[in-house]
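Taken in order, these protein sequences are the chains called F and H.
Every letter in the first sequence is one number past the one before it in the numbering used here, and letter 18, counting from 1, is 23.
Every letter in the second sequence is one number past the one before it in the numbering used here, and letter 189, counting from 1, is 194.
For each residue, glycine too, the CB sits at the ideal point set by N, CA and C.
All figures in this text were calculated on a predicted structure; none of them were measured in a lab.
2 protein chains.
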Amino acid sequence: MNEKKGAEGSLAGVDMAPIGRSETLGQQVRTQLASAIMAGRFKPGQKLTIRAVAAALDVSLTPAREALYNLAAEGILEMRSNGSVYLPTLTSERIVELTKIRTALEALAAREAALRITDEDIAHISRINDLMVAANERKDYASVMELNWEFHFAIYRASGMSELVRMIEKRWMMNSSYLNVIYPSFGQMDQGINNHHTMVRALHSRDPERLASAVVIDINFAADTLLDMIEAQGTERRQKAQR
Amino acid sequence: MNEKKGAEGSLAGVDMAPIGRSETLGQQVRTQLASAIMAGRFKPGQKLTIRAVAAALDVSLTPAREALYNLAAEGILEMRSNGSVYLPTLTSERIVELTKIRTALEALAAREAALRITDEDIAHISRINDLMVAANERKDYASVMELNWEFHFAIYRASGMSELVRMIEKRWMMNSSYLNVIYPSFGQMDQGINNHHTMVRALHSRDPERLASAVVIDINFAADTLLDMIEAQGTERRQKAQR
DNA sequence: ATTTGATATTTGTTATAACAAATTGAGGGT
DNA sequence: ACCCTCAATTTGTTATAACAAATATCAAAT
Numbered sequence: 006m007n008e009k010k011g012a013e014g015s016l017a018g019v020d021m022a023p024i025g026r027s028e029t030l031g032q033q034v035r036t037q038l039a040s041a042i043m044a045g046r047f048k049p050g051q052k053l054t055i056r057a058v059a060a061a062l063d064v065s066l067t068p069a070r071e072a073l074y075n076l077a078a079e080g081i082l083e084m085r086s087n088g089s090v091y092l093p094t095l096t097s098e099r100i101v102e103l104t105k106i107r108t109a110l111e112a113l114a115a116r117e118a119a120l121r122i123t124d125e126d127i128a129h130i131s132r133i134n135d136l137m138v139a140a141n142e143r144k145d146y147a148s149v150m151e152l153n154w155e156f157h158f159a160i161y162r163a164s165g166m167s168e169l170v171r172m173i174e175k176r177w178m179m180n181s182s183y184l185n186v187i188y189p190s191f192g193q194m195d196q197g198i199n200n201h202h203t204m205v206r207a208l209h210s211r212d213p214e215r216l217a218s219a220v221v222i223d224i225n226f227a228a229d230t231l232l233d234m235i236e237a238q239g240t241e242r243r244q245k246a247q248r
Numbered sequence: 006m007n008e009k010k011g012a013e014g015s016l017a018g019v020d021m022a023p024i025g026r027s028e029t030l031g032q033q034v035r036t037q038l039a040s041a042i043m044a045g046r047f048k049p050g051q052k053l054t055i056r057a058v059a060a061a062l063d064v065s066l067t068p069a070r071e072a073l074y075n076l077a078a079e080g081i082l083e084m085r086s087n088g089s090v091y092l093p094t095l096t097s098e099r100i101v102e103l104t105k106i107r108t109a110l111e112a113l114a115a116r117e118a119a120l121r122i123t124d125e126d127i128a129h130i131s132r133i134n135d136l137m138v139a140a141n142e143r144k145d146y147a148s149v150m151e152l153n154w155e156f157h158f159a160i161y162r163a164s165g166m167s168e169l170v171r172m173i174e175k176r177w178m179m180n181s182s183y184l185n186v187i188y189p190s191f192g193q194m195d196q197g198i199n200n201h202h203t204m205v206r207a208l209h210s211r212d213p214e215r216l217a218s219a220v221v222i223d224i225n226f227a228a229d230t231l232l233d234m235i236e237a238q239g240t241e242r243r244q245k246a247q248r
């Protein structure tokens, strides 16, 4: 009721950037925690106590609690019955389920993106891919990971489905505490790189099914290597326990 | 390490139910709010202030805030930049997006369920469907809604993918504040009923694709009627504003 | 050495108070 | 009627204190 009317005195049309209204402490804590999680700085299964977070970021319990419980509500962190919050541990069964979900969501995003994507977006994505290939050749795997993220989400964002993109982001974050598990012996990205080329070609030809199937292959490849790692780690631990 | 060993003094084998450790106030508030939302007792766009919730349930601000922000973090409620929490309002575009997401998720759940479901589950689901048909014949639409919920989730739960079921639940809750919008003139459920029969048959023959496609039809039918309602309401309001 | 029990410490939960920002309402001027 | 201004109220934010439950520590007993 108040956006269309005359209102000469109002500032309608001036269109200033909304003032940098500083985020609340709770949101800032959330951001800090989220980026630490995405960077893989916590170990799987690690406990995050309210007071530890509060002390580390020098805030009171209230915002620390809010941030932790928000992340838990989103399923990025895991809350046990006693109220403590942990980094989730991924069992093989859970990885299998998460992978199926990711397949469904990301295939949908890919199909929609193929229909809606603009030429500029394709150029941008192609550029990201080139950077990623370069980073891979100089074995800068940290950059590879980051560019891989950008590559995929640039595509997904082109779907125009913001809610869907948010959902996919969450699923990626659920895996990310395992980045340093998968990190060291991340030998042959080559197959992944190859797949990215297929995706770029599918974008150019605006072929939804081709793009979707390449995405699915990408997801399953990543999941398989992660499953192998987990498996290997499990037997290793089992052997160590037997000694 | 503590379940197999001798441990004569332990209570292994007695197998008592863990004591009913009462939920925290925050969780109780969350439950109350969630069931009120699912029952459609709030209007779309309605504002839920922390203090109003706290007063209504006679708790302090802390648990009320926690519950509201949890629901917001899950996307069931909508948080605006000033921190206030609202029931989400569904635009047509948002409904279209949500419907596509639901299609992807629920088709996946249906396919997995068709492969894993037991005979007892099928019998149970068939029974629920009979009750729903009966409720529809006596025009008890409140029961129809509830039984419809049970019918669908009994199937989805048979997929064995608990995370996926949780995700689907959330998306159903996002629509539910529009139940009383869709409620009054909910004339022909008949097509939906017919579709349910198809689903039961597909379960008996364990046919993933048949089941999935029936689920998709069900989702799209519900979405179309909701879209019509929203559309009708929109023009009505527009006409009223012109007078 | 292992187990038990008591004690100390940590940790989650919740109410309250104080503050700041946003919203509302009334009154006065154009 | 409309717009502005200023005060009053509402509302979100955060720190703190007090409590309870869970966990860890340690000494004594078997």
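By the Cβ-count criterion, Glu236 (chain H) is exposed, with fewer than 16 other Cβ atoms from all chains shown falling within 10 Å of its own Cβ. Contact between Leu103 (chain H) and Met179 (chain H) is confirmed by a C-beta separation of about 6 Å, below the 8 Å threshold. In the DSSP assignment, Phe156 (chain H) falls within the unbroken alpha helix (DSSP H) covering 146-162. Within the region 203-224 of chain H, no residue has its Cβ closer than 7 Å to any Cβ of chain F. Secondary-structure assignment with DSSP links Leu76 (chain H) through no beta bridge to anything. Shown here, Lys52 (chain H) sits in a strand according to DSSP, grouped into three states. Interface annotation, Ile106 (chain F): in contact with chain H, CB-CB separation under 8 Å.
Residues of the same chain with a CB within less than 8 Å of the CB of His202 (chain F), apart from the 5 flanking positions on each side, are Asn134 in chain order.
Annotation: Ser27 (chain F) to Thr230 (chain F) spans about 41 Å, alpha carbon to alpha carbon. Per DSSP, reduced to three states, the secondary structure at Val64 (chain F) is coil, with no helix or strand assignment.
If you compare the alpha carbons of F:Leu184, F:Val170, F:Met234, F:Ser40 with that of Ala115 (chain F), the shortest gap goes to F:Val170. Not a single C-beta of chain H is nearer than 8 Å to the C-beta of Asn141 (chain F). Its Cα nearest to that of Ile222 (chain F), the residue F:Arg107 stands out among F:Leu184, F:Lys48, F:Val58, F:Arg107.
Using a Cβ-Cβ cut-off of 8 Å, Met166 (chain F) is close to Glu102, Lys105, Ile106 of chain H, given in chain order.
Comparing C-alpha distances from Ala228 (chain H) to each of H:Leu73, H:Leu120, H:Arg215, H:Arg176 shows the shortest one belongs to H:Arg176. DSSP, reduced to helix, strand and coil, places Glu28 (chain F) outside both helices and strands of the structure shown, so it counts as coil. In the same chain as Trp154 (chain F), and ignoring 5 residues on each side of it, the C-beta atoms closer than 8 Å to its own belong to Trp177, in chain order. A contact is defined here as three or more CB-CB pairs under 8 Å, and the region 119-129 of chain F meets this definition with respect to the region 159-166 of chain F. Between the alpha carbons of Ser182 (chain F) and Val220 (chain F) lies a gap of roughly 22 Å. Non-local beta-carbon contacts of Leu208 (chain H) in its own chain, meaning distances under 7 Å to residues more than five positions away in sequence, involve Ala119, Ile122, Ile127, Ile130, Leu216 in chain order. When Cβ pairs closer than 8 Å are counted between the two stretches, the region 61-74 of chain F is seen not to touch the region 47-66 of chain H, the count staying below three.
The three-state secondary structure of Met166 (chain H), taken from DSSP, is coil.
For Arg116 (chain F), the enclosing alpha helix (DSSP H) stretches over residues 97-121.
Taking 8 Å as the cut-off, the Cβ atoms of Tyr91 (chain F) and Leu53 (chain F) count as close. Taking Gly31 (chain H) as the centre and dropping the five residues before and after it, the same chain places the C-beta of Pro68, Glu71, Ala72 closer than 7 Å to its C-beta, in chain order.
Nearest neighbour of Arg46 (chain F) by Cα position, chosen from F:Ala112, F:Leu184, F:Leu76, turns out to be F:Leu184. By the C-beta density criterion, Gly50 (chain F) is exposed, having fewer than 16 other C-beta atoms within 10 angstroms. Per DSSP, Asn134 (chain H) is one residue of the alpha helix (DSSP H) stretching across 124-142.
Note on geometry: alpha-carbon atoms of Pro213 (chain F) and Glu111 (chain F) lie some 12 Å from one another.
The beta carbon of Glu79 (chain F) falls within 8 Å of a beta carbon belonging to chain H, placing the residue at that interface. A straight-line Cα-Cα distance of about 7 Å links Ser97 (chain H) and Leu232 (chain H). Taking the Cα of Ala39 (chain H) as reference, the smallest distance to any Cα among H:His157, H:Glu79, H:Gly88 is reached at H:Glu79. Taking a beta-carbon distance threshold of 8 Å, Ala57 (chain H) does not count as an interface residue toward chain F.
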